[in-house]
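Numbering (the working numbering), first residue to last: 31 to 444. Okay, so here's the structure we're looking at.
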Amino acid sequence: MTDPRHIHISDYNYPLPDERIAKFPMARRDHSKLLIYRKGEVGEDMFYNLPDYLPKGALMVFNNTKVIQARMHFRKVDANGEHTGALIEVFLLEPAEPSDYELMFQTTGHCAWYCLVGNLKKWKEGSLTRTLNMEHGPLTLKATRGEIHGTSYRIDFEWDAPVSFAEIIDVMGELPIPPYLNRETQENDKTTYQTVYSKIKGSVAAPTAGLHFTPEVLQAIDAHGIDREELTLHVGAGTFKPVKSEEIEDHEMHTEYISVRRETIQKLITHDGSAIAVGTTSVRTLESLYYMGLKVMRNPDLTEDQLHVSQWEPYGEVNSEKRIVNSVAALQALLDWMDAHDLQVLHSSTQIIIAPGYDYKIVKMLVTNFHQPQSTLLLLVSAFVRGDWRKIYDYALGHDFRFLSYGDSSLLIP
């Protein structure tokens, strides 16, 4: 594996006119176009025919994360005690206390998040409050700013009623659609910006490759004899973070939290340690499992937190151990480690960057949308198709494909 740190992000640019960015989804999810890239050849079809291109007996892996209504708005209190002052946006990024997503959404009375704060200069001191009309009566939510945490702030929330934080953001929060759509969130985004199989709350952006799937397409996949499994990677706001450095060595990837069931790892092993990934989030999770397996082979006493895959970890010295450990062996080591620690679900995190020079271990086929120029997601795609990304994007631009989150789809088979 070659080290990609000195890749110039300017080499991954292409012209993307604003009119090619899909501002709204198709009326029917599975009626988007599907580009098929197969071993250097490019063609197209409709998304609802995707199952026809998948090999019988394969394993397809989906990210079942659910987008939360992460944008919360408060108004400062004016001199008369009225909430008519400056508008402050608090954007939930990741749980601080409790740090577990599931516990966070169940908590009552108090919790804390790491958040981005919009219009920060207007919030110099004191707490922000907002009264919400909940099902069981009015509730006052108080937000207090704490210490800085990287580019975000710890915000402590307190409220005076026995309702969960999940209920609060369902009433108060706004769904955070991507900034490049340049429009306000609409009511139907609450449905269309979620996959039909979304279950586990925690993302601030959708795993958009999954937006094309309908119950009918999933049934057709089953009918084609293809196994389906789900895992969870909570997509962070960093997914939209542009690469501003000339070389990607200076770009810091965001950390994202994953959970994978024991049964999913077992299923991967029975499928020879290989899978069809739906979306780049599934890719990052699956490929991270390989490196977690390597970690526990070296040190079986690691904790779940210590399984975190750092950004450049896959590009360390290509030693003999990495050359001989295949994906099944790494996954089996991880499964054995889970059994030794009596874990049914693995909870950890990854900061992995996948760029040209990366050697894919588990993912053999990829379903994905069309990504922004000069983005880490485009680097991931280029690595997957062994540098042939321009052929794919030139075809899509020349054949009226729609781009980005609400755009069309592709099936990549290197």
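For every residue, glycine included, the Cβ atom is placed at its ideal position computed from N, Cα and C.
In the structure shown, the three-state DSSP call for Arg258 is strand. Assigned with DSSP and collapsed to three states, Met134 falls in helix. Lys154 and Pro47 have their alpha carbons spaced roughly 40 angstroms apart. For the beta strand (DSSP E) assignment, the uninterrupted runs of no fewer than 3 residues enclosed by the region 256-314 are, from N- to C-terminal side, 257-264, 286-291 and 305-308. Judged by their CB atoms, Asn43 and Ser228 are not nearer to each other than the 8 angstroms cut-off. About 7 angstroms separates the beta carbons of Leu442 and Met395, which is inside the 8 angstroms limit, making them a contact pair.
Look at Trp153 here: in three-state DSSP terms it is coil, with no helix or strand label. In the displayed model, Phe104 falls within a strand according to three-state DSSP.
Minimum Cα-Cα distance from Leu316 among the listed residues Thr380, His401 and Pro192 corresponds to Thr380. Spanning the alpha carbons of Arg35 and Glu279 requires a straight line of approximately 4 angstroms. The shortest CA-to-CA distance from Leu263 to any of Tyr131, His103, Val120 and Ser40 is the one to Tyr131. Contact between Glu259 and Lys231 does not hold, since their C-beta atoms are separated by about 20 angstroms, which reaches or exceeds 8 angstroms. Where Arg420 is concerned, the enclosing alpha helix (DSSP H) starts and stops at Trp419 to Gly428.
In the DSSP assignment, Ala173 forms a beta bridge with Leu158 and Phe187. Listed as beta-bridge partners of Asn163 by DSSP are Pro168.
Assigned with DSSP and collapsed to three states, Met56 falls in coil, not helix or strand. Judged by their CB atoms, Ala142 and Arg184 are nearer to each other than the 8 angstroms cut-off. Annotation for Pro386: Pro34, Ile37, Leu409, Ser412, Ala413 and Gly417 place their beta carbon closer than 7 angstroms to its own, counting only its chain and skipping 5 residues before and after.
Less than 8 angstroms divides the Cβ of Ile98 from the Cβ of Ile199. Pairwise C-beta distances place the region 70-81 in contact with the region 234-248, as three or more of them are shorter than 8 angstroms. Under DSSP, Met90 forms a beta bridge with Arg258 and Ile306. Counting along the chain, Pro81 sits inside no beta strand (DSSP E), nor does DSSP assign it H or E at all. In the DSSP annotation of this structure, Trp143 is not part of any alpha helix (DSSP H); the continuous beta strand (DSSP E) holding it starts and ends at His140 to Gly148.
When the beta-carbon positions are compared, Tyr388 and Pro344 come within less than 8 angstroms of each other. Residue pairing of Thr95 in beta bridges, as defined by DSSP: Ile230. Judged by DSSP in its simplified three-state form, Tyr67 adopts strand. For Pro125, the uninterrupted beta strand (DSSP E) segment begins and ends at Leu117 to Glu127. Thr225 places its beta carbon 8 angstroms or farther from that of Pro208.
In the three-state DSSP reduction, Phe400 falls in the coil class, being neither helix nor strand. Under the criterion of beta carbons closer than 8 angstroms, Leu376 and Ile299 do not qualify as touching, at roughly 14 angstroms. Here Gly73 carries a strand assignment [DSSP, helix/strand/coil].
Taken atom to atom, the span from the alpha-carbon of Asp430 to that of Ser40 is near 24 angstroms. The shortest C-alpha to C-alpha distance from Glu124 to any of Thr222, Leu84 and Tyr287 is the one to Tyr287. The C-alpha of His166 is placed about 12 angstroms away from the C-alpha of Asp190. Straight through space, the alpha carbons of Leu158 and Lys106 are spaced by roughly 6 angstroms. Counting along the chain, the unbroken alpha helix (DSSP H) around Ile251 starts and ends at Pro245 to Ala253.
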